[in-house]
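In the numbering used here, the protein residues as written are 5 to 144.
This report refers to the structure that appears directly beneath it.
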């Protein structure tokens, strides 16, 4: 009986040691965990840290039924999608205006899918890749 207790105690001690041991990570191994897309009223930037983009950054083709089709790792538009953006509203290009907070609701008078006055200057594919410059393209 004492032998069985000794074996059980050794097994428990071994498990505790293994649980506390640091894990070895192979060189070049990258672990990416993607949660849910940010809840932003007018879409979110397609580059990390995926902050909410202001009204006017994305053209109307980025919205379907009032929902943003996504960008970056959460893109869920059709294959081959290309949409216009106005990159003057991107913080990396000097934009210093107000950015919506995550979870904020769109203003009732702002309807991105019906933005007839949108003026884009770049075409993007939904994964952060600019596909040529299309200065002052008027979508409508």
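All C-beta atoms in this analysis are idealised placements derived from N, C-alpha and C, irrespective of residue type, glycine included.
Quick one: measure Cβ to Cβ for residue 74 and residue 130, integer angstroms, because I've assumed they're closer than 8 Å.
Confirmed, about 7 Å.
At what residues does the beta strand (DSSP E) containing residue 88 begin and finish?
That run of the beta strand (DSSP E) goes 87-89.
When you compare the segment 95-114 with the segment 44-53, are there three or more beta-carbon pairs, one atom per stretch, that lie closer than 8 Å?
Because the criterion of three Cβ pairs below 8 Å is met, the segment 95-114 and the segment 44-53 touch.
Once DSSP output is grouped into helix, strand and coil, what is the label at residue 127?
Strand at residue 127.
What residues in its chain sit with their C-beta under 6 Å from that of residue 78, if we drop five residues either side in the sequence?
So the qualifying residues of the chain are 41.
Would you mind sorting residue 29 into buried or exposed? The rule is 16 or more other CB atoms within 10 Å of its CB.
Interpretation of residue 29 is limited by its pLDDT of 42, a score under 50 that renders its predicted location unreliable; no figure is taken from the coordinates.
Roughly how many angstroms separate the alpha carbons of residue 105 and residue 57, rounded to a whole number?
Computed Cα separation, rounded: 9 Å.
To which residues of the same chain is residue 35 closer than 6 Å at the C-beta, ignoring the five residues directly before and after it?
Bear in mind that the predicted position of residue 35 carries a pLDDT of just 41, short of 50, making it unreliable; the figure below should be weighed with that in mind. No residues qualify anywhere along the chain.
Return yes when the Cβ of residue 108 is within less than 9 Å of the Cβ of residue 64, no when it is not.
It is not a contact, given that the beta carbons lie outside the stated cut-off.
When the distance is taken between beta carbons, is residue 90 closer than 9 Å to residue 117?
No, the pair does not count as a contact, with Cβ atoms beyond the cut-off.
Classify residue 87 as buried or exposed, calling it buried when 16 or more other Cβ atoms lie within 10 Å of its own Cβ.
Its Cβ being crowded by 16 or more others within 10 Å, residue 87 is buried.
Quick one: residues in its chain with C-beta nearer than 7 Å to the C-beta of residue 59, no 5 flanking neighbours on either side, listed in chain order?
Same-chain partners within the cutoff: 46, 114, 116.
Check residue 93 in the structure and name its three-state DSSP category.
DSSP places residue 93 in helix when its eight states are reduced to three.
Whole angstroms is fine: what's the gap from residue 67's alpha carbon to residue 82's?
For residue 67 and residue 82, the distance between alpha carbons rounds to 12 Å.
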